[in-house]
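This report refers to the structure that appears directly beneath it.
2 protein chains.
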Amino acid sequence: MFKPGISVTVPFNFHDVVKAPVSPDSAPWRAFPTYNFVGGHNDADSVDVRALTQACSEVLRREGRDLATYSLQSGPQGYIGLREFLVGKLKYYADIDCNTDDLLLTSGSLQAIDLINEALLQTGDTVVVEESNYGGVLSRLNQLGCKIVTVPVDEQGMKTDLLALTLESLSARGIKPAYIYSIPTIHNPTGSIMSLARRQHLLDLAVQYEVPVFEDECYADLVWNAERPPALYALDKSARVVHIGSFSKTIAPALRVGYVAANWSLMGYLLSLKTDAGSGALEQMLLAEYCTRHFHDHVKKLNSNLQNKLQALTNAIDREFGTSAEYINPPGGIFLWVKLPRPVDTAKLATAAAAEGVAINPGQEWSLQSDARRHLRLCFANPSIETIDEGITKLAQICFREFGVPRLGQNRSRQA
Amino acid sequence: MFKPGISVTVPFNFHDVVKAPVSPDSAPWRAFPTYNFVGGHNDADSVDVRALTQACSEVLRREGRDLATYSLQSGPQGYIGLREFLVGKLKYYADIDCNTDDLLLTSGSLQAIDLINEALLQTGDTVVVEESNYGGVLSRLNQLGCKIVTVPVDEQGMKTDLLALTLESLSARGIKPAYIYSIPTIHNPTGSIMSLARRQHLLDLAVQYEVPVFEDECYADLVWNAERPPALYALDKSARVVHIGSFSKTIAPALRVGYVAANWSLMGYLLSLKTDAGSGALEQMLLAEYCTRHFHDHVKKLNSNLQNKLQALTNAIDREFGTSAEYINPPGGIFLWVKLPRPVDTAKLATAAAAEGVAINPGQEWSLQSDARRHLRLCFANPSIETIDEGITKLAQICFREFGVPRLGQNRSRQA
Numbered sequence: 015m016f017k018p019g020i021s022v023t024v025p026f027n028f029h030d031v032v033k034a035p036v037s038p039d040s041a042p043w044r045a046f047p048t049y050n051f052v053g054g055h056n057d058a059d060s061v062d063v064r065a066l067t068q069a070c071s072e073v074l075r076r077e078g079r080d081l082a083t084y085s086l087q088s089g090p091q092g093y094i095g096l097r098e099f100l101v102g103k104l105k106y107y108a109d110i111d112c113n114t115d116d117l118l119l120t121s122g123s124l125q126a127i128d129l130i131n132e133a134l135l136q137t138g139d140t141v142v143v144e145e146s147n148y149g150g151v152l153s154r155l156n157q158l159g160c161k162i163v164t165v166p167v168d169e170q171g172m173k174t175d176l177l178a179l180t181l182e183s184l185s186a187r188g189i190k191p192a193y194i195y196s197i198p199t200i201h202n203p204t205g206s207i208m209s210l211a212r213r214q215h216l217l218d219l220a221v222q223y224e225v226p227v228f229e230d231e232c233y234a235d236l237v238w239n240a241e242r243p244p245a246l247y248a249l250d251k252s253a254r255v256v257h258i259g260s261f262s263k264t265i266a267p268a269l270r271v272g273y274v275a276a277n278w279s280l281m282g283y284l285l286s287l288k289t290d291a292g293s294g295a296l297e298q299m300l301l302a303e304y305c306t307r308h309f310h311d312h313v314k315k316l317n318s319n320l321q322n323k324l325q326a327l328t329n330a331i332d333r334e335f336g337t338s339a340e341y342i343n344p345p346g347g348i349f350l351w352v353k354l355p356r357p358v359d360t361a362k363l364a365t366a367a368a369a370e371g372v373a374i375n376p377g378q379e380w381s382l383q384s385d386a387r388r389h390l391r392l393c394f395a396n397p398s399i400e401t402i403d404e405g406i407t408k409l410a411q412i413c414f415r416e417f418g419v420p421r422l423g424q425n426r427s428r429q430a
Numbered sequence: 015m016f017k018p019g020i021s022v023t024v025p026f027n028f029h030d031v032v033k034a035p036v037s038p039d040s041a042p043w044r045a046f047p048t049y050n051f052v053g054g055h056n057d058a059d060s061v062d063v064r065a066l067t068q069a070c071s072e073v074l075r076r077e078g079r080d081l082a083t084y085s086l087q088s089g090p091q092g093y094i095g096l097r098e099f100l101v102g103k104l105k106y107y108a109d110i111d112c113n114t115d116d117l118l119l120t121s122g123s124l125q126a127i128d129l130i131n132e133a134l135l136q137t138g139d140t141v142v143v144e145e146s147n148y149g150g151v152l153s154r155l156n157q158l159g160c161k162i163v164t165v166p167v168d169e170q171g172m173k174t175d176l177l178a179l180t181l182e183s184l185s186a187r188g189i190k191p192a193y194i195y196s197i198p199t200i201h202n203p204t205g206s207i208m209s210l211a212r213r214q215h216l217l218d219l220a221v222q223y224e225v226p227v228f229e230d231e232c233y234a235d236l237v238w239n240a241e242r243p244p245a246l247y248a249l250d251k252s253a254r255v256v257h258i259g260s261f262s263k264t265i266a267p268a269l270r271v272g273y274v275a276a277n278w279s280l281m282g283y284l285l286s287l288k289t290d291a292g293s294g295a296l297e298q299m300l301l302a303e304y305c306t307r308h309f310h311d312h313v314k315k316l317n318s319n320l321q322n323k324l325q326a327l328t329n330a331i332d333r334e335f336g337t338s339a340e341y342i343n344p345p346g347g348i349f350l351w352v353k354l355p356r357p358v359d360t361a362k363l364a365t366a367a368a369a370e371g372v373a374i375n376p377g378q379e380w381s382l383q384s385d386a387r388r389h390l391r392l393c394f395a396n397p398s399i400e401t402i403d404e405g406i407t408k409l410a411q412i413c414f415r416e417f418g419v420p421r422l423g424q425n426r427s428r429q430a
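Residue numbers (the working numbering), protein chains in the order written: chain A, 15 to 430; chain B, 15 to 430.
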């Protein structure tokens, strides 16, 4: 029964009732680090503010009333104007034939990943992925309780001869993977582009072992001068590929617009699982208006700016780390995958560097390979060329202080 | 081993590998129904297109470069300008004292609901909710495998005398609910406003039984002339209330911007669970810019338009259904909860009406009360006054054809 006066009590603490097995954030976020080499941020100078503003005004004036309805007048797959742009863009850049019913707009490609995982995975499932990989995918697969089987990557992408052995070995044990996940074009974190021959080999293996393929092409429009082979989705003749992409890397990550291309046998499920009453419409409207006129030219200019930043990064690394740092110069993208000598442990390096305002991704968050702890990922799109240069100088000093390498830098020996 | 030529095969069908226990959407969406009385759509005439366009241009010109970074320069809790606006708005409208660290911007209030559920619920948990309720919450709780215990609602909101009995009965059986969920201000679907006395009673009971409270005030800014009591979050002295709200009902649902107010003992967990790399930033920027200048005047005008539409709806119902339709005139909001006489089954009525372009929410999707199948929810914000009038005329004809009621309408007997 109700007892008056009982409301004088100790404050409630949600810690005591939380069921989710996660660690809470310890404090509110305050600011980005000074030397920020993490996160898929983009180049602020490349944001085409004037044309974006104009595009936004035009589409709002024309269709602003439609904001009164969930999903505008376009239904749960997202703004029809942006899906129409994507049909052309996917054909031009990735050789994909699709129509607007094959496309679902999502709140960033992360929502696409979550929806596909929700549809296709359950605890205990086995998935096959590239050995070095997007940290957000590895953490999700772990969270879902999946068994992660890895295949090494080289400059030609996933080593499909090893994929064949992996699938055969799994098959011999009666295990059919839930999917093969791949980032074939500008692989994260190595930056490699899977060759056409390997793409075809991967698809043939997927058919042979009856496995679906999950293709993530978030970075694929950032190929600079190299040839971009057709997407797996384009090459597939068996309707087993689900393809995702994003506008985060080409236009702006803060907009949170990604997409899925899938045939209806999967799309129907993704729509049932997408219970968010639609993704943000204004951002889709803006992108449709802007991209229809400016995408091609904008991406060309962006890629040129990114290439300059990578050049600044590799110059600074060569100067500060000398032969201590190994990397393969990527043909595009926003990150560099670097290997340091023993005894460097990049998890410890990341902690020490963070204390001095330098943020890096330690290799173990981005790779399951045995020497992951000697790797780090450096994102170069967001910091200015000066910041890149200073940041790498600082990182080399910290690394030398913590691990005694690189001993040589700036053409002279470092002092402890 | 790889076998050349094996790629000639039957097309892959994702139906065969989907793990999620959901039914797929059967076909792509094509268009809204002609007489659309479902969904939380808003009044298109009330969308302030000119001022929204201007606000968007100004904020993009000033801060557009920040779109290059995830979450702009504001961190994972969302655009600081909008959180600052909310601090003032929540104080003015709901008497809530909070600061920007207590606020998390989400992709619609549905993401807020999902995050809170993910933090606080696990399969088998008991939750206490109002008997008639938001369908999206009931379906989520069922999906999560929770036991739903209901408390009836009248014109003063949740009947807290019955809540007391419910909590005592649960306690006697050793059951502590994971939370009490309430929509106290413009309850969905009844439109009622919980009285101040009941709010205090609810909070005292929550303290006594050590239960957290989940307050959903999505519709609360749509109170027309009635007094709006302070939010539960404002009245609570024990830090046990988590509060959510939305801009969908006041500005535009297609924007997908909602929010959570919570103290850090919960907020830290919500941030850990929000793995989407931020909600859409442009919509947050636009809302901050627009609302800071126009929110109050806009909501006043919107409420006047909504009140006119409700008047049109009740006029049409009175004319077409006469005494067959029972409802309580709500003091605000966008929906009317209507009870029809036996033998009407609103699930069947909804199916018959849909075939003729009239969409309604059948009661069983919005209520667990025993006579739910005689109820329906009619959303009146989106259709024009003419469409409301025609749609209700049509609905009465269909209802008479299917169930023989209402026999009287337009002041004369209907013909079968």
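C-beta atoms are modelled at their ideal positions from N, C-alpha and C, and glycine is treated no differently.
**Message:** Please return the same chain residues whose Cβ sits closer than 8 Å to the Cβ of leucine 81 of chain A, not counting the five positions on each side in sequence.
**Reply:** Ala295, Leu296
**Message:** With a threshold of 9 Å between beta carbons, is arginine 270 of chain B in contact with chain A?
**Reply:** yes
**Request:** Classify valine 227 of chain B as helix, strand or coil using the three-state DSSP reduction.
**Result:** DSSP places valine 227 of chain B within a strand segment (E or B) once states are collapsed to three.
**Asked** If you draw a straight line from the C-alpha of arginine 428 of chain A to the C-alpha of leucine 422 of chain A, how long is it?
**Response** 6 Å
**Request:** Taking only the alpha-carbon atoms, compute the straight-line gap between aspartate 250 of chain B and glycine 138 of chain B and give it to the nearest angstrom.
**Result:** 28 Å
**Asked** beta strand (DSSP E) containing arginine 391 of chain A: first to last residue?
**Response** 389-393
**Request:** Label valine 24 of chain B either buried or exposed according to how many other C-beta atoms from any shown protein chain fall within 10 Å of its C-beta, with 16 as the threshold for buried.
**Result:** exposed
**chain B contacts from the region 289-301 of chain A (Cβ-Cβ distance under 8 Å)** = Thr289, Asp290, Ala291, Gly292, Ser293, Gly294, Ala295, Leu296, Glu297, Leu300
**Request:** Would you kindly check if the distance between the Cβ of serine 293 of chain A and the Cβ of serine 121 of chain A is under 9 Å?
**Result:** Cβ atoms of serine 121 of chain A and serine 293 of chain A: closer than 9 Å.
**Asked** Based on the DSSP secondary-structure assignment, which residues constitute the bridge partners of threonine 83 of chain B?
**Response** Bridge partners of threonine 83 of chain B: none, in fact.
**Prompt:** Taking the Cβ atom as the reference point for each residue, do valine 141 of chain B and tyrosine 195 of chain B lie within a distance shorter than 9 Å?
**Reply:** yes
**Prompt:** According to DSSP, what are the bridge partners of threonine 120 of chain B?
**Reply:** B:Gly272
**Prompt:** When you check each C-beta in the region 46-66 of chain A against every C-beta of chain B, which residues fall closer than 9 Å?
**Reply:** Phe46, Asn50, Gly53, Gly54, His55, Asn56, Asp57, Ala58, Asp59, Ser60, Val61, Asp62, Val63, Arg64, Leu66
**Message:** Taking the alpha-carbon of phenylalanine 414 of chain A as reference, which of A:Asp385, A:Ile399, A:Asp359 has the nearest alpha-carbon?
**Reply:** A:Asp359
**Asked** Is glycine 418 of chain A buried or exposed, if buried means 16 or more other CB atoms sit within 10 Å of its CB?
**Response** exposed
**proline 18 of chain A versus alanine 291 of chain A - alpha carbon distance** = Its pLDDT being 49, under 50, proline 18 of chain A is placed unreliably in this model, and the coordinates cannot settle the point.
**Item:** Proximal residues, the region 32-47 of chain B versus chain A, C-beta separation under 9 Å
**Value:** Val32, Lys33, Ala34, Val36, Ser37, Pro38, Asp39, Ser40, Ala41, Pro42, Trp43, Arg44, Ala45, Phe46
**Message:** Let me make sure I understand the geometry here. Which of A:Thr199, A:Ile197, A:Glu182 has the alpha-carbon closest to that of proline 191 of chain A?
**Reply:** A:Glu182
**Item:** Whether arginine 388 of chain B touches proline 355 of chain B by CB criterion (9 Å)
**Value:** yes
**Asked** Where does valine 313 of chain A sit, in a helix, a strand or coil, going by DSSP?
**Response** helix
**Request:** Could you work out which residue in B:Ser209, B:Gly149, B:Leu134 is closest to valine 255 of chain B when comparing CA atoms only?
**Result:** B:Leu134
**Asked** For arginine 350 of chain B, which three-state DSSP category applies?
**Response** As written in the sequence, residue 350 of chain B is leucine, which differs from the arginine given in the question. Of the three classes helix, strand and coil, the one that applies to leucine 350 of chain B here is strand, per DSSP.
**Message:** By the DSSP assignment, the beta strand (DSSP E) with threonine 460 of chain A in it spans what residues?
**Reply:** Residue 460 of chain A falls outside the range modelled here, since chain A spans only 15 to 430, and no answer is possible.
**Request:** Check whether the Cβ atoms of leucine 246 of chain B and valine 227 of chain B sit closer than 9 Å, and answer yes or no.
**Result:** yes
**Message:** For lysine 362 of chain A and arginine 213 of chain A, I'd like the C-alpha separation in whole angstroms.
**Reply:** Distance between the alpha carbons of lysine 362 of chain A and arginine 213 of chain A: 37 Å.
**Under 7 Å (Cβ pairs) to chain A, residues found in the region 120-148 of chain B** = Ser121, Gly122, Leu124, Gln125, Glu132, Ala133, Leu134, Leu135, Gln136
**Message:** Between A:Leu350, A:Ser384, A:Glu379, which has its C-alpha nearest valine 151 of chain A's C-alpha?
**Reply:** Out of A:Leu350, A:Ser384, A:Glu379, A:Glu379 has the C-alpha closest to the C-alpha of valine 151 of chain A.
**Prompt:** Skipping 5 residues on each side, what residues in its chain have a beta carbon closer than 8 Å to that of serine 262 of chain A?
**Reply:** Gly54, Asn56, Gly122, Ser123, Cys232, Leu269, Arg270, Val271, Gly272
**Asked** Expressed to the nearest angstrom, what Euclidean distance is found between the alpha-carbon atoms of threonine 164 of chain A and leucine 382 of chain A?
**Response** 8 Å
**Prompt:** Taking DSSP as the reference, what is the three-state secondary structure of glycine 171 of chain B?
**Reply:** In the three-state scheme derived from DSSP, where H, G and I count as helix and E and B as strand, glycine 171 of chain B is classed as strand.
**Message:** Between which two residues does the beta strand (DSSP E) holding glycine 258 of chain A run?
**Reply:** In the sequence as presented, glycine is not what sits at residue 258 of chain A; that position holds isoleucine. Unbroken beta strand (DSSP E) run through isoleucine 258 of chain A: 255-260.
**Message:** Is it the case that the region 392-399 of chain A contacts the region 322-332 of chain A, given that we only count it when at least three CB pairs across the two stretches are under 8 Å?
**Reply:** Per the Cβ contact rule, the region 322-332 of chain A is in contact with the region 392-399 of chain A (3 or more Cβ pairs under 8 Å).
**Request:** Put lysine 288 of chain A into one of helix, strand or coil per three-state DSSP.
**Result:** coil
**Asked** Would DSSP call isoleucine 406 of chain A helix, strand or coil?
**Response** helix
**Message:** Just to confirm my understanding: we take proline 244 of chain A, look at its own chain, exclude 5 residues before and 5 after, and list those with CB closer than 7 Å. What are they?
**Reply:** Ala108, Asp109
**Message:** Within 9 Å of any Cβ in chain B, is that where the Cβ of valine 358 of chain A sits?
**Reply:** Valine 358 of chain A has a beta carbon lying at 9 Å or more from every beta carbon in chain B.
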